[in-house]
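Here the sequence shown stands for residues 148 to 217, numbered as in the working numbering.
The beta-carbon is built from N, C-alpha and C at its ideal position, and this holds for glycine as well.
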Amino acid sequence: MKHGKHQVEVTDWSVLQPGEMVAVTGDPFTQDTLCIEETAPELGVIWVRRKTSGDRKVLNAGDYRIWRLT
Numbered sequence: 148m149k150h151g152k153h154q155v156e157v158t159d160w161s162v163l164q165p166g167e168m169v170a171v172t173g174d175p176f177t178q179d180t181l182c183i184e185e186t187a188p189e190l191g192v193i194w195v196r197r198k199t200s201g202d203r204k205v206l207n208a209g210d211y212r213i214w215r216l217t
């Protein structure tokens with residue numbers, strides 16, 4: 148995964164907020180920078196939107212590693 152920004156791995160998805168830019172591993176969809184749209188930490192999911200195409204997807208916490216881009 149190559150991104151030009153500094154990355155900090157997030158292990159507790161409940162700290163993520165809508166509007167944050169993230170990078171994720173575990174799925175070809177997630178090769179692009181993603182913007183968090185909604186979070187549901189009690190369900191262990193977040194909804195993200197791909198910056199390049201605008202596609203939206205729900206991600207399950209157990210299936211992915213996520214990095215906050217700073």
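As DSSP reads the structure, V157 sits in a beta bridge with I213. Taking T186 as the centre and dropping the five residues before and after it, the same chain places the C-beta of L163, I193 closer than 6 Å to its C-beta, in chain order. Contact annotation: I213 and V157 have beta-carbon atoms nearer than 7 Å. Only buried fits L181, as 16 or more other CB atoms lie within 10 angstroms of its CB. For K204, the enclosing beta strand (DSSP E) begins and ends at 203–207.
With 16 or more other CB atoms across the displayed protein chains lying within 10 angstroms of its CB, V169 is buried.
Across the set D202, E167, N207, the C-alpha of N207 shows the shortest separation from the C-alpha of E189.
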